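Chemist:
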Amino acid sequence: MGSFVKDKTSSMTEFLEKCGGYAVVDGGFATELQRHGADINDPLWSAKCLITSPHLVTKVHLDYLESGANIILTASYQATIQGFVAKGLSVGEAEGLLRRSVEITCEAREIFYNRCIKGSWDFSNAGKGSRRPVLVAASVGSYGAYLANGSEYSGIYGDSVSKETLKDFHRRRVQILAKSGADLIAFETIPNKLEAEAYVDLLEEGIDIPAWFSFTSKDGVTVPRGDSITECAKVADSCNKVVAIGINCTAPRYIQDLIVSLNKVTRKPIIVYPNSGEVYDGLNKKWIKSEGESEEDFVSYVSRWRDEGASMFGGCCRTTPNTIRAITKVLSGESPTPSKLKI
Ligand code: MET
Ligand SMILES: [Zn+2]
């Protein structure tokens with residue numbers, strides 16, 4: 001961290017320069033834990049593994065680092081003080097787990113660097129003789145993710161939930177994550193404008209690390225609550241602590257139009273990390289392949305997104321280290337074999 005946080009406005013631009021102009025973000029975290037056998041069918045979702053299987057959290061971080069990631073996200077997406085307390089933990093234990101989520105990620109980065117030094121891992125993506133720059137981003141999921149009732153993807157919280165409610169809900173968690181050694185905060189899968197406004201207020205209250213804002217969309221034009229992506233991006237753009245703006249957990253086919261819209265209202269770096277294009281059926285707890293997209297090759301989109309002006313690329317739910325390896329190859333100029341790019 002250190003130099004990354006000193007000058008917030010230029011920090012991401014400098015980081016991107018060090019990465020060669022484009023940064024690789026990691027891929028789906030919770031779904032990857034699940035692929036390795038974790039049972040995360042729980043209101044805490046991936047954060048449950050901070051308690052039950054921290055070794056698996058480390059493994060997934062290392063897999064993404066090995067695949068070429070320049071930015072790895074903590075397992076704190078659904079880690080909230082309120083959620084841990086509902087499980088019977090004390091507030092102190094809950095806060096300790098939030099800190100631990102960042103420590104595990106920082107430790108994984110150290111393990112990765114040490115392995116690189118010992119030469120046991122391939123240096124080809126790390127830059128000859130130099131350490132590949134890696135940032136740790138503390139993930140913050142929405143209020144709807146904590147509610148675990150589907151509102152994460154509708155953005156409808158009801159009239160009783162005001163901006164102040166959202167600030168009160170997120171405040172302590174964001175303060176703790178900001179002091180835990182992370183390089184930045186990743187506000188992810190934001191489903192409405194109100195929550196973006198709440199995050200901006202919290203950052204202005206005195207959070208001293210930068211943040212990115214990443215929205216989700218189900219139509220390529222609006223966020224789930226119906227606010228246009230440009231209105232939402234303007235909120236993020238107005239805050240000088242925000243160092244990148246983008247889209248995650250959204251079908252790949254919508255990303256290009258969304259980048260065009262973002263470009264109209266911000267000059268900050270644009271980050272995109274779509275999901276696999278499958279849709280989660282909450283009732284039957286299954287991922288369903290989406291019509292017309294199942295055979296589409298996620299990675300073949302990456303150069304188009306880059307040409308459209310995005311500079312940070314990764315994956316969200318159901319993408320894997322293979323996806324990230326393929327993105328790394330596209331960005332480093334090695335053209336991958338399309339048939340081998342299965343997610
Ligand atoms: C519902 S989006 C989840 C984002 C989180 N970083 C993850 O990959 O698990
Ligand atoms: Zn996702």
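To convert, note that position 17 of the sequence shown is 17 in the UniProt record's numbering; the numbers rise steadily by one, no gaps. Positions of the beta carbon are idealized from the N, C-alpha and C atoms, including for glycine. Computed from a predicted model, the values in this text were never measured in an experiment.
Do you know how far the Cα of D257 is from the Cα of S154?
Modeler: Numbered from 1 along the sequence shown, position 154 holds the residue referred to as residue 154. Numbered from 1 along the sequence shown, position 257 holds the residue referred to as residue 257. Taking C-alpha positions only, S154 is separated from D257 by approximately 20 Å.
Chemist: Relative to the C-alpha of L65, which residue among C116, A75 and A38 is closest?
Modeler: In the sequence shown, residue 65 corresponds to position 65, counting from 1. That would be C116, whose Cα lies nearest to the Cα of L65.
Chemist: Take E197 and list the residues in its own chain whose beta-carbon comes closer than 7 Å to its own, dropping the five residues that flank it on each side.
Modeler: One-based indexing of the sequence shown puts residue 197 at position 197. For E197, where only same-chain residues beyond five positions count, the Cβ hits under 7 Å are K163 and V235.
Chemist: Give every residue of the same chain whose Cβ lies closer than 8 Å to the Cβ of T58, excluding the five residues on either side of it in the sequence, and list them in chain order.
Modeler: Along the sequence shown, one-based indexing puts residue 58 at 58. Around T58: I104, E107, A108 and I111.
Chemist: Along the chain, which unbroken stretches of the beta strand (DSSP E) at least 3 residues long are found entirely within the region 260-306?
Modeler: Runs of the beta strand (DSSP E) lying entirely within the region 260-306 and spanning at least 3 residues, in chain order: 270-273, 279-281 and 286-288.
Chemist: For V200, does the count of other Cβ atoms within 10 angstroms reach 16, so buried, or fall short, so exposed?
Modeler: By 1-based counting over the sequence shown, the position of residue 200 is 200. Classification of V200: buried, given that the 10 Å Cβ count is 16 or more.
Chemist: Is the separation between the beta-carbon of V136 and that of I72 shorter than 8 Å?
Modeler: As a working mapping, residue 136 is identified with position 136 in the sequence shown. As a working mapping, residue 72 is identified with position 72 in the sequence shown. The answer is yes: Cβ separation under 8 Å.
Chemist: Are there 16 or more other CB atoms within 10 angstroms of the CB of T216, so buried, or fewer, so exposed?
Modeler: What you label residue 216 is simply residue 216 of the sequence shown in a count that begins at 1. That one is buried.
Chemist: Around the Cβ of R131, are there at least 16 other Cβ atoms within 10 angstroms (buried) or fewer (exposed)?
Modeler: As a working note, residue 131 is residue 131 in the sequence shown. Burial call: exposed.
Chemist: Give me whichever residues DSSP pairs with G246 in a beta bridge.
Modeler: Position 246 of the sequence shown, counting from 1, holds the residue named residue 246. DSSP output for G246 lists S214 and I271 as bridge partner(s).
Chemist: Are the beta-carbon atoms of I270 and Y301 separated by less than 8 Å?
Modeler: Counting from 1 along the sequence shown, the entry for residue 270 is found at position 270. Counting from 1 along the sequence shown, the entry for residue 301 is found at position 301. Contact flag unset, no.
Chemist: Thinking just about the alpha-carbon of each residue, which of G20, Y273, P252 and W305 is nearest to the one in V260?
Modeler: Position 260 of the sequence shown, counted from the start, is the residue given in the question as residue 260. Of G20, Y273, P252 and W305, the residue nearest in Cα terms is W305.
Chemist: Which value, in whole angstroms, describes the spacing of the CA atoms of K23 and V243?
Modeler: For this step, residue 23 is matched to residue 23 along the sequence shown. For this step, residue 243 is matched to residue 243 along the sequence shown. Note that residue 23 is Ala in the sequence shown, not Lys. Computed Cα separation, rounded: 13 Å.
Chemist: With respect to 7 Å, is the separation between the Cβ of T105 and the closest non-hydrogen atom of ligand 1 below this value?
Modeler: For the purposes of this step, residue 105 is identified with residue 105 of the sequence shown, where counting begins at 1. Flag unset: Cβ of T105 not near ligand 1.
Chemist: Report the partner residues of V174 according to the DSSP bridge assignment.
Modeler: Here residue 174 refers to the residue found at position 174 of the sequence shown. Beta-bridge pairing links V174 to no other residue.
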